[in-house]
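In the working numbering, the protein residues as written are 871 to 1184. Quick reminder that beta carbons are idealized off the backbone N, C-alpha and C, glycines included.
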């Protein structure tokens, strides 16, 4: 998320009531999660395991819970609770705005696009030309929909990221200020849910087709001309490259990459990045050749046990 105008390090420190390391007028341009940070961004870190990753990232302002050596050309915001203060910044720069109409007056809807009854279109939503938004679709604030897009009934675009910190008093949600972006010629089936990015975009690229009852997590990027069948669950921060096919009830863990033209068969469980151009199945998912060898070996186990029993008798 980029701020409407640049701020100084001192300004930001005053907003969240924390100390800082760096020049008062050090430029702060926005805030982002670590996988999408750019120079001028704030990134937060609250565990020593990830200090180096944050300090070495592209971010030039690190919101951290311990004063450490500041890398050259960067600045620190020292907070006793970076998670809380990241949320404070989100509330300040992107506060929740309640709706006062079914289709916001700030939404932009292109030529020949149809919005069926009972759909909700939030603030600053942009919908391109020749789209069909069927009934009971909810498109939350700031979403961007391209041209020739179809979204079927009951789908929700822009729900909160499933991102929580476990505190003694309960789970604390990291507030979401990002967007959902659908490029041209994307089809979304009925009852799908696509979460907004925490600070950036969840993106579905041109020509991808998604079946009914699919969940796509925050900040995930689905490539061009992908096919995703029903009841697939894709966690946050996943990269699915172009022309990937994912069949029904596949589950995909967070933070991994599925290579171009990979095919994942139904009910597979994907727990690591997969190379493109291959077919996969099983739990955990593996390429067909390896998985069939594994299954063939497992089937030989009873025979091997019988032979061992015979040897024991002798």
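Neighbourhood of residue i by C-beta, 6 Å cutoff - its chain only, sequence neighbours within 5 removed
| i | result |
| --- | --- |
| residue 876 | 897, 899 |
| residue 988 | 1005, 1006 |
| residue 1149 | 1133, 1158 |
| residue 1123 | 1105, 1141 |
| residue 1097 | 1079, 1115 |
| residue 1030 | 1046 |
| residue 1154 | 1139, 1141 |
| residue 1120 | 1102, 1134, 1138 |
Limits of the alpha helix (DSSP H) - the one that residue i falls within
| i | result |
| --- | --- |
| residue 1169 | 1158 to 1169 |
Integer Cβ distance of residue i from residue j, believed to fall under 8 Å
| i | j | result |
| --- | --- | --- |
| residue 1082 | residue 1061 | 5 Å |
| residue 1200 | residue 1092 | What is shown of the chain runs 871 to 1184, which leaves residue 1200 out entirely. |
| residue 1245 | residue 993 | There is no way to answer for residue 1245, as the model of the chain reaches only from 871 to 1184. |
| residue 1107 | residue 1129 | Contact doesn't hold; Cβ gap of about 16 Å is too wide. |
| residue 947 | residue 888 | 5 Å |
| residue 1102 | residue 1072 | Incorrect: roughly 15 Å between the Cβ atoms, too far for contact. |
| residue 938 | residue 921 | 6 Å |
| residue 1087 | residue 1068 | With 8 Å as the limit, residue 1087 and residue 1068 do not qualify as a contact, their Cβ atoms being about 10 Å apart. |
| residue 1015 | residue 1028 | About 11 Å separates the two Cβ atoms, so there is no contact after all. |
| residue 1131 | residue 1147 | 5 Å |
Nonlocal neighbours in the same chain, by C-beta distance under 7 Å from residue i, ignoring five residues either side
| i | result |
| --- | --- |
| residue 945 | 879, 890, 891, 892, 896, 930, 931 |
| residue 914 | 933, 952, 953, 956 |
| residue 1075 | 1053, 1092, 1093, 1094 |
| residue 857 | This structure leaves residue 857 out entirely; the chain is present only between 871 and 1184. |
Residue span of the beta strand (DSSP E) that contains residue i, given as start and end
| i | result |
| --- | --- |
| residue 911 | 911 to 915 |
| residue 878 | 872 to 878 |
| residue 966 | First-last for residue 966: undefined, no H or E at that position. |
| residue 1035 | 1034 to 1037 |
| residue 933 | 931 to 934 |
| residue 1150 | 1149 to 1151 |
| residue 924 | Here residue 924 belongs to no beta strand (DSSP E); instead the alpha helix (DSSP H) covers 921 to 925. |
| residue 898 | 897 to 901 |
| residue 1126 | Careful: residue 1126 lies outside any beta strand (DSSP E) and carries neither H nor E. |
| residue 889 | 889 to 891 |
| residue 945 | 945 to 948 |
Residues of its chain near residue i, where Cβ-Cβ distance is below 8 Å and the 5 sequence neighbours each way are ignored
| i | result |
| --- | --- |
| residue 885 | 958, 959, 962 |
| residue 969 | 990, 992, 993 |
- Mind pulling the alpha helix (DSSP H) runs of 4 or more residues that sit fully within the stretch 973 to 1012? For the stretch 973 to 1012, not a single whole alpha helix (DSSP H) run of length 4 or above is found.
- Tell me, please, whether the stretch 999 to 1014 touches the stretch 1038 to 1045 by the rule of three or more beta-carbon pairs shorter than 8 Å. Pairwise C-beta distances place the stretch 999 to 1014 out of contact with the stretch 1038 to 1045, as fewer than three of them are shorter than 8 Å.
- Item | Meets three-Cβ-pair contact criterion under 8 Å: the stretch 951 to 961 and the stretch 975 to 988 | Output reads no: the stretch 975 to 988 does not touch the stretch 951 to 961.
- Output the residue ranges of the beta strand (DSSP E) runs that lie fully inside the stretch 1023 to 1080 and measure 3 residues or longer, sorted by chain position. Positions of the beta strand (DSSP E) runs, each at least 3 residues long and wholly inside the stretch 1023 to 1080, are given as 1026 to 1029, 1034 to 1037, 1040 to 1043, 1049 to 1052, 1063 to 1065, 1071 to 1074 in order along the chain.
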